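First up is the structure itself, then whatever we jot down about it.
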Amino acid sequence: MGLVPFLLILLVIAIVLRIDFFFTIVYLFFGVYILSRVWTSYTVRHTAAARSFTKRAFPGDRVIVDLAVENNGWLPIPWLEIREALPV
Numbered sequence: 026m027g028l029v030p031f032l033l034i035l036l037v038i039a040i041v042l043r044i045d046f047f048f049t050i051v052y053l054f055f056g057v058y059i060l061s062r063v064w065t066s067y068t069v070r071h072t073a074a075a076r077s078f079t080k081r082a083f084p085g086d087r088v089i090v091d092l093a094v095e096n097n098g099w100l101p102i103p104w105l106e107i108r109e110a111l112p113v
């Protein structure tokens with residue numbers, strides 16, 4: 026279950042029960058959701074990656090791959106996951 030359906034269910038509960046605490050929680054979660062979406066899209070646009078390695082190798086040779094990741098934006102990236110694959 027994603028965050029958006031959870032927010033909608035919580036909003037319906039807040040409207041039906043008319044409890045201010047639920048409205049506060051909905052506003053908090055909605056703000057965190059919007060902030061995370063904006064933060065993620067900004068950091069993805071301002072992140073650059075480059076790799077360098079030996080262009081030629083024979084089967085069985087070890088090839089050293091250098092991967093450089095650079096954050097060009099002003100927002101920090103608290104967590105970054107990179108999946109790298111090289112062709113055979």
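Everything in the sequence shown is counted per the numbering used here, starting at 26 for the first residue and increasing by one.
Backbone N, C-alpha and C define an ideal beta-carbon position, used for all residues, glycine too.
Bear in mind the structure is a predicted one, so any value in this text is a computation, not a measurement.
In this structure, the straight-line span from the alpha carbon of V69 to that of R62 is close to 11 Å.
Secondary-structure assignment with DSSP links L92 through a beta bridge to R76.
For G56, the uninterrupted alpha helix (DSSP H) segment begins and ends at D45 to R70.
A distance below 8 Å separates the beta carbons of R76 and D91. Around F78, the same chain offers V88, I89, V90, D91 and L111 as residues with beta carbons nearer than 8 Å, after the five sequence neighbours per side are excluded.
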